[in-house]
Amino acid sequence: NWGIYHSAGFSPKMSFEDLQKQLELFRRYGIRGIYTCGFGELPGLEGAAYFIWNRLQLEPKTKIRDLLKLYCQKSYGPGAAAAEKFYTLIDRQLKKFPHLLEAFDQPGQIGRETPSSLLMKRYPPRIIRELEQLLSAIEEKSGKITAVKILKIELACLKHTMAVISAYNTFF
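Dropping the structure here:
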């Protein structure tokens, strides 16, 4: 998940379901603690994933949907409903194209996609626009709180990354 530079770069890496499966694998093999070097480089775009992953370590039977709802309520207050849609959209895109680069359960596996082709599949212009609309709805309800500011910066970075990839693909 985190702690190494993934081919997906500074973009969300694993679906909520994959995070849950990873923790189930850890429990099956008796792993009780994890050193998370480099953890937390995307507190906006991956904030819900960090929260869900950590809470599932403590409460493995908790439903992901309940954890997402709690995270959004605590982080975005009145904008929680839009935030749930935002993170659900990211999660849906991650589920559409699982393990095309790295798989947490098969380290060292050579991926079938280039980083740019994976990102173009996960975040085409239509998805970026939808994320921007949801972020606007979050900001409208929540105001300019820190969580919204961070999310805006990270989404802008993802949008610019996608624009660069698109421009590159136009010429090459």
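Numbering follows the numbering used here, in which position 159 of the sequence shown is assigned residue number 156; successive positions increment by one, without gaps.
The beta carbon of each residue, even a glycine, is placed where N, CA and C say it ideally should be.
Computed from a predicted model, the values in this text were never measured in an experiment.
With at least 16 other beta carbons inside 10 angstroms of its own, Tyr84 counts as buried. In terms of Cα proximity to Tyr32, the closest of Asn51, Ala80, Ile125 and Gly74 is Asn51.
The beta carbons of Gln90 and Arg119 sit closer together than 8 Å.
Of the candidates Arg29, Phe13 and Pro40, the residue whose Cα lies closest to the Cα of Phe7 is Pro40. Apart from the 5 residues on each side of it in sequence, Ile162 sits with its Cβ closer than 7 Å to the Cβ of Ser113, Leu116 and Met117 in its chain, given in chain order. When the beta-carbon positions are compared, Ala46 and Met11 come within less than 8 Å of each other. Between the alpha carbons of Ile49 and Glu129 lies a gap of roughly 23 Å. In the three-state scheme derived from DSSP, where H, G and I count as helix and E and B as strand, Arg29 is classed as coil.
Glu38 is classed as exposed because its beta carbon has fewer than 16 other beta carbons within 10 Å across all chains shown. Under the three-state reduction of DSSP output, Phe7 falls in the coil class, being neither helix nor strand. With contacts defined by Cβ atoms closer than 8 Å, Ala79 and Ala134 form a contacting pair. CA-to-CA, the gap between Phe94 and Cys154 works out to about 21 Å. Apart from sequence neighbours up to five positions away, the residues of its chain that approach Lys92 with a beta-carbon distance below 6 Å are Ser12, ordered along the chain.
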